[in-house]
Amino acid sequence: MSETTVIQKIQEAAAFIRKETGIQPQIGLILGSGLGVLADLIEQPIVVDYSKIPHFPVSTVEGHAGELVVGTIQGKPVLVMKGRFHAYEGYGADTVSFPVRVMKELGVQTLIVTNAAGGINTSYQVGDLMVISDHLNLTNRNPLIGPNDNALGVRFPDMSEAYSKRLRKLAHDVAASQNFKLQEGVYVGLLGPNYETPAEIRMFRTLGGDAVGMSTVPEVIVARHAGIDVLGFSCISNMASGILDQPLSHDEVMETTEKVKPKFLKLVLGIIKAL
Ligand code: HPA
């Protein structure tokens, strides 16, 4: 993709969404496996199928609906991505993060990303929520590879505060007011799609990882490149490979996210209210 073409694609996708919804979103949300329910809280929602949006990829994973829902939550204009794209589906990191470019073009200033992740930190429990303090990009991919367009961001973007300190503090304050302890830790982003081996999990723990998953990293890199503030949450849907004496499955991931939904919804609602 040439630079000009990328910008044109971003503008065409944004123009379509603007025309369909007539809303200028301030907050973008990307909802991971099983967490799409948040979109149900949108007041006067306008739903736009990914397949209708020019240049948008279409997601293929069970549990990822593949639609944008635009409207207001707590009176604030939001754009929710119900279902995201993953590099393991065969998309390039730039394609996976294309919707974040479109969010920026539409006016989004704050991005809330959520995912289901395996707990590496053995003090975590299945069902915990973790605010992401930082990440390890172990995907061997980067959405910014190629010529840089200064209209989109700088060539060498700073990642020293990829996940906003201010927003993390807000998340802890809201969780405390709701009487639960929010974990905070480092998200290890991998390509997938297989779950990890126990030896890999031991290595990630040594490297400082607290949770592991197959998403989020490309979107966050693009958001930072675009100057968007990021708040990230992992729902600890299972303990990572080798910690418990049992195999991992997508069914377990979906079951846990289903159970955690009410707590997660309340937290995100509280945060949006406070933003
Ligand atoms: N590993 C990688 N990705 C995941 C996991 C895991 O244990 N759980 C949910 N997504």
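The sequence shown lines up with residues 1 to 275 when you count with full-length UniProt numbering. All C-beta atoms in this analysis are idealised placements derived from N, C-alpha and C, irrespective of residue type, glycine included.
Give the secondary structure of residue i by DSSP, where H, G and I count as helix, E and B as strand, and everything else as coil.
i       : result
Tyr-91  : coil
Ser-234 : strand
Gly-189 : strand
Leu-79  : strand
Ile-145 : coil
Met-214 : coil
Val-47  : strand
Leu-244 : coil
Met-1   : Because Met-1 carries a pLDDT of 48, less than 50, the predicted location of this residue cannot be relied on, and no value is offered for it.
Ile-228 : coil
Leu-29  : strand
Leu-111 : strand
Using only the heavy atoms of ligand 1, determine whether one of them is closer than 7 Å to the beta carbon of residue i.
i       : result
Gly-213 : yes
Asn-142 : no
Leu-182 : no
Asn-150 : no
Val-102 : no
Ala-13  : no
Glu-89  : no
In the DSSP assignment, what residue or residues form a beta bridge with residue i?
i       : result
His-135 : Tyr-187
Tyr-129 : Here residue 129 is Leu; the residue named in the question, Tyr, does not match the sequence. Cys-235, per the DSSP bridge assignment.
Ala-117 : Ile-236
Glu-67  : Asp-49 and Lys-82
When every heavy atom of ligand 2 is checked, does at least one fall within less than 7 Å of the C-beta of residue i?
i       : result
Ser-249 : This structure lacks ligand 2; the ligands present are ligand 1.
> Is it a yes or a no for the segment 251 to 268 touching the segment 133 to 143, going by three-plus beta-carbon pairs under 8 Å?
Replying inline: no
> With a cut-off of 8 Å, do at least 3 Cβ pairs link the segment 17 to 31 to the segment 120 to 130?
Replying inline: no
> Do the segment 100 to 111 and the segment 234 to 247 touch if we need at least three Cβ pairs shorter than 8 Å?
Replying inline: no
> Are at least three pairs of beta-carbons, each pair with one atom in the segment 127 to 134 and one in the segment 172 to 184, less than 8 Å apart?
Replying inline: yes
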